[in-house]
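Enquirer:
Protein chains: 2
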Amino acid sequence: MPRSTPVRDAAVPAAAQPPATREQILAVAARLFSERGYANTTLRQIAQQSGIQAGSIYYHFDGKDTIAACVLDEGIAAVTDAVHRRLAALPADADMRTRLGAAVEGHLWGMLHRGEFTAAHIRIYRYVSDAARARHRSIRSAYTRLWDELLQQAVDAGLLRSDIPVPMVRQFLVGALNWPVDWYDPRRGGFEQLAAQITALVLDGLTTRPGRRGLVS
Amino acid sequence: MPRSTPVRDAAVPAAAQPPATREQILAVAARLFSERGYANTTLRQIAQQSGIQAGSIYYHFDGKDTIAACVLDEGIAAVTDAVHRRLAALPADADMRTRLGAAVEGHLWGMLHRGEFTAAHIRIYRYVSDAARARHRSIRSAYTRLWDELLQQAVDAGLLRSDIPVPMVRQFLVGALNWPVDWYDPRRGGFEQLAAQITALVLDGLTTRPGRRGLVS
DNA sequence: GTCTATATGTAGATAGAC
DNA sequence: GTCTATCTACATATAGAC
Numbered sequence: 001m002p003r004s005t006p007v008r009d010a011a012v013p014a015a016a017q018p019p020a021t022r023e024q025i026l027a028v029a030a031r032l033f034s035e036r037g038y039a040n041t042t043l044r045q046i047a048q049q050s051g052i053q054a055g056s057i058y059y060h061f062d063g064k065d066t067i068a069a070c071v072l073d074e075g076i077a078a079v080t081d082a083v084h085r086r087l088a089a090l091p092a093d094a095d096m097r098t099r100l101g102a103a104v105e106g107h108l109w110g111m112l113h114r115g116e117f118t119a120a121h122i123r124i125y126r127y128v129s130d131a132a133r134a135r136h137r138s139i140r141s142a143y144t145r146l147w148d149e150l151l152q153q154a155v156d157a158g159l160l161r162s163d164i165p166v167p168m169v170r171q172f173l174v175g176a177l178n179w180p181v182d183w184y185d186p187r188r189g190g191f192e193q194l195a196a197q198i199t200a201l202v203l204d205g206l207t208t209r210p211g212r213r214g215l216v217s
Numbered sequence: 001m002p003r004s005t006p007v008r009d010a011a012v013p014a015a016a017q018p019p020a021t022r023e024q025i026l027a028v029a030a031r032l033f034s035e036r037g038y039a040n041t042t043l044r045q046i047a048q049q050s051g052i053q054a055g056s057i058y059y060h061f062d063g064k065d066t067i068a069a070c071v072l073d074e075g076i077a078a079v080t081d082a083v084h085r086r087l088a089a090l091p092a093d094a095d096m097r098t099r100l101g102a103a104v105e106g107h108l109w110g111m112l113h114r115g116e117f118t119a120a121h122i123r124i125y126r127y128v129s130d131a132a133r134a135r136h137r138s139i140r141s142a143y144t145r146l147w148d149e150l151l152q153q154a155v156d157a158g159l160l161r162s163d164i165p166v167p168m169v170r171q172f173l174v175g176a177l178n179w180p181v182d183w184y185d186p187r188r189g190g191f192e193q194l195a196a197q198i199t200a201l202v203l204d205g206l207t208t209r210p211g212r213r214g215l216v217s
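Each protein sequence line maps, in turn, to chains A and B.
Residues in the first sequence are numbered from 1 upward in steps of one, following my numbering.
Residues in the second sequence are numbered from 1 upward in steps of one, following my numbering.
#1: Where does A/T21 fall in DSSP's three states?
#2: Could you check whether the Cβ of B/W179 sits closer than 7 Å to any Cβ belonging to chain A?
#3: Is the distance from the Cβ of B/L151 to the Cβ of B/V174 below 7 Å?
#4: Let me check understanding here. Comparing Cα to Cα, which of B/A176, B/M111 and B/T208 lies closest to A/I198?
#5: Could you give the C-beta distance for B/W109 and B/A82, rounded to a whole number, given that I count them as a contact under 8 Å?
#6: Throw me the rounded Cβ distance for the B/H121 and B/L194 pair, which I believe falls under 8 Å.
#7: To the nearest whole angstrom, what separates the beta carbons of B/A47 and B/M96, a pair I think is in contact under 8 Å?
#8: Check whether chain A comes within 7 Å of B/G226, counting only Cβ atoms and requiring the distance to be less than that.
#9: Give me the Cα-Cα distance between B/L160 and B/G101, rounded to the nearest whole angstrom.
#10: Counting only the same chain and skipping the five closest in sequence on each side, list residues whose C-beta sits under 8 Å from that of B/R187.
#11: Consult DSSP for B/T66 and reduce its assignment to one of helix, strand or coil.
#12: Have a look at A/L32 and B/W147 and give me their C-alpha separation to the nearest angstrom.
#13: Who are the neighbours of B/G190 on chain A, taking C-beta pairs under 7 Å?
#14: With distances taken between CB atoms, is the gap from A/E224 to A/F117 smaller than 7 Å?
#15: Just to confirm the assignment, what range does the alpha helix (DSSP H) spanning A/F191 have?
#16: Mind checking A/T42: buried by the 16 CB within 10 Å criterion, or exposed?
#17: Starting from A/W109, follow the alpha helix (DSSP H) in both directions and report where the run begins and ends.
#18: Is DSSP giving B/M1 helix, strand or coil here?
#19: Can you find a CB in chain A that lies within less than 7 Å of the CB of B/I46?
#20: Less than 7 Å separating the beta-carbons of A/Y125 and B/G37?
#21: Grab me the residues of A/R133's own chain with a C-beta within less than 7 Å of its C-beta, minus the 5 sequence neighbours each way, in chain order.
#22: If you draw a straight line from the alpha carbon of A/I25 to that of A/K64, how long is it in whole angstroms?
#23: Which bits of chain A does B/V202 rub up against, with CB to CB less than 7 Å?
#24: So, for B/A27: in the same chain, excluding its five sequence neighbours on each side, which residues have a beta-carbon less than 7 Å away from its beta-carbon?
#25: From this set, B/S141, B/V169, B/Q171 and B/A119, which residue's C-alpha is nearest B/Y184's C-alpha?
#26: Just how far apart, CA to CA, sit B/A77 and A/S50?
#27: Under three-state DSSP, which class holds A/T41?
#28: Could you check what DSSP says for B/T207 in three-state terms: helix, strand or coil?
#29: Going along chain A, which residues have a C-beta under 8 Å from B/R169?
#30: Take A/C70 as the anchor and find which of A/E23, A/D204 and A/R86 has the nearest alpha-carbon.
#31: Would you mind working out which of B/Q53, B/I67, B/D62 and B/S56 sits nearest B/A29, comparing C-alpha positions?
#32: Flag B/I122 as yes if its beta-carbon sits less than 7 Å from any beta-carbon of chain A, otherwise no.
#33: Scan the stretch 76 to 107 of chain A for residues whose Cβ lies nearer than 9 Å to a Cβ of chain B and list them as they occur along the chain.
#34: In the DSSP output, which residue or residues are listed as bridge partners for B/L160?
#35: On a CA-only basis, which of B/L206, B/N40 and B/R170 is nearest B/Y143? Give me that one, please.
#36: Pull up the CB-CB distance for A/G106 and A/R137, whole angstroms please, since I reckon it's below 8 Å.
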């Protein structure tokens with residue numbers, strides 16, 4: 001388990017601080033894990049790009065596995081927080097299509113806004129130690145449950161097709177939403193455009209449909 | 001580069017042969033690569049599960065990197081072959097929806113039928129040596145081109161939405177089709193059912209639509 | 001074709017100075 | 001908090017017997 005983040009003096013603006021070494025290590029580790037894979041990333045590489053020596057890492061973390069656990073934490077938190085925030089910001093009487101769209105946008109926002117951590121999470125999750133993975137199983141299954149409930153409500157409301165089991169729809173949907181982190185390029189259209197396009201694709205499909213709502217562009 | 005497969009006596013039924021050591025090594029490697037990651041899989045593990053000693057692998061392959069290259073080959077070939085076969089089997093006057101559906105089913109069939117190799121391909125591609133990856137770039141871009149052409153034809157035919165660029169639709173689509181290998185369980189419904197469900201989801205989306213064609217179940 | 005034995009490199013982790 | 005130096009383990013790959 002990671003050390004808990006030390007409490008900072010609230011009177012000092014956080015922005016004035018240089019990046020804490022611990023956070024620096026995590027950011028570098030996330031990027032290297034997703035670029036080079038978990039086992040193929042060495043503590044020496046992480047240390048070098050963090051501007052310290054390899055041995056110094058052990059002052060901040062118990063070891064490589066603990067670093068991986070923290071990176072996984074950041075990645076899943078970015079996504080779940082974004083989804084919860086967007087859903088909570090909706091008016092109480094928002095219809096199901098609006099709610100689904102908000103959840104989709106939240107997932108995409110979390111994924112792309114903290115791309116190093118979310119990409120690292122997706123790519124290294126299966127390959128970290130059993131201990132680190134076990135610690136995350138409950139977090140991930142809570143997120144899964146959130147989607148299953150949302151999708152079931154959408155089925156009940158008559159918005160979603162009922163000919164495919166909700167868990168399978170969820171696996172398809174969340175899987176599809178995880179890919180843009182691989183290829184999204186902010187220079188070709190901003191986030192809002194991407195979110196609208198992906199939302200249209202998952203909700204309405206690739207084909208044209210007469211009287212479609214929410215046409216993009 | 002791998003040695004070319006030795007020519008076998010055509011008079012001897014292939015099925016009567018015990019699995020050639022070389023093929024056995026590849027199959028074990030593909031499974032271990034996808035289960036444990038590339039860098040975290042050792043030649044000793046591959047050798048042990050192939051029933052030989054680590055040193056013996058070098059009679060069949062130049063090294064770990066060559067094994068990875070062969071696994072990548074098998075994975076992409078399984079998918080491209082299946083797609084080409086399904087498209088070629090269609091009558092010449094098949095409409096675009098039929099053609100798109102055939103390509104989707106072909107991709108899924110290739111992915112799931114040779115799951116160890118295709119899963120390994122997806123998971124290790126970014127992490128093998130530059131040399132092995134470079135060798136595959138052209139193969140992968142040919143496959144990408146096949147999809148872009150198919151999708152563009154579908155746009156021209158009025159079947160596919162034209163408000164999202166074809167390359168982005170392709171990235172979304174192929175990405176979405178790559179996930180089922182992570183969670184498909186043949187004990188819960190056969191391949192035909194899965195293919196019909198995934199096809200419906202990508203073509204028509206998650207939402208109900210009036211007068212939808214091709215309802216599943 | 002497969003074995004044993006080993007050369008060589010480098011990984012994660014630790015100890016103790018500063 | 002960070003450094004240097006080092007321990008121990010195990011990886012890929014090679015050599016040569018059988």
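Backbone N, C-alpha and C define an ideal beta-carbon position, used for all residues, glycine too.
Expert: Working from what's here:
#1: In the structure shown, the three-state DSSP call for A/T21 is helix.
#2: The Cβ of B/W179 sits closer than 7 Å to at least one Cβ of chain A.
#3: For B/L151 and B/V174, no; Cβs fall outside 7 Å.
#4: Taking only the C-alpha atoms, the option nearest A/I198 is B/A176.
#5: Contact between B/W109 and B/A82 holds, since their C-beta atoms are separated by about 5 Å, short of 8 Å.
#6: For B/H121 against B/L194, the beta-carbon gap comes to about 20 Å, at or over 8 Å, which does not count as contact.
#7: Contact between B/A47 and B/M96 does not hold, since the beta-carbon distance rounds to 49 Å and is not under 8 Å.
#8: Residue 226 of chain B is absent from the structure shown; chain B starts at 1 and stops at 217.
#9: One C-alpha to the other measures close to 12 Å.
#10: Within the same chain, no residue comes within 8 Å of B/R187 by CB-CB distance, once the 5 residues on both sides are set aside.
#11: In the structure shown, B/T66 adopts helical secondary structure according to DSSP, grouped into three states.
#12: Distance between the alpha carbons of A/L32 and B/W147: 31 Å.
#13: Under a criterion of Cβ atoms nearer than 7 Å, no residue of chain A is adjacent to B/G190; the nearest Cβ is some 14 Å distant.
#14: Lying outside 1 to 217, the shown extent of chain A, residue 224 of chain A is not represented and no answer is given.
#15: Taken as a continuous stretch (DSSP letters only), the alpha helix (DSSP H) holding A/F191 covers F191 to D204.
#16: Exposed is the call here.
#17: First-last of the alpha helix (DSSP H) with A/W109: M96 to H113.
#18: Residue placement at B/M1 is flagged as unreliable, the pLDDT there being 39, under the threshold of 50; a coordinate-derived value is accordingly withheld.
#19: It does not; no Cβ of chain A falls within 7 Å.
#20: B/G37 is positioned such that its CB atom lies no closer than 7 Å to that of A/Y125.
#21: If we look at A/R133 and ignore the five residues flanking it on each side, its Cβ neighbours are Y125.
#22: Each residue's alpha carbon lies about 11 Å from the other.
#23: Within chain A, the C-beta atoms nearer than 7 Å to that of B/V202 come from G205 and L206, in chain order.
#24: E116, listed in sequence order.
#25: The candidate whose alpha carbon is nearest that of B/Y184 is B/A119.
#26: Approximately 41 Å between the Cα atoms of the pair.
#27: Coil.
#28: The DSSP-derived three-state label of B/T207 is strand.
#29: Note that residue 169 of chain B is Val in the sequence shown, not Arg. Listed by position along chain A, the residues whose Cβ is nearer than 8 Å to that of B/V169 are L201 and L206.
#30: Distances from the CA of A/C70 to each of A/E23, A/D204 and A/R86 were compared; the closest alpha carbon is that of A/E23.
#31: The residue with the shortest Cα to Cα distance from B/A29 is B/I67.
#32: At a cut-off of 7 Å, the C-beta of B/I122 has no neighbouring C-beta in chain A.
#33: Listed by position, the residues of the stretch 76 to 107 of chain A near chain B (Cβ gap below 9 Å) are R97 and L100.
#34: B/L160 pairs with A/T207.
#35: Measuring from the Cα of B/Y143, the nearest candidate turns out to be B/R170.
#36: Taking the Cβ atoms as the reference, A/G106 lies roughly 22 Å from A/R137, outside the contact range of under 8 Å.
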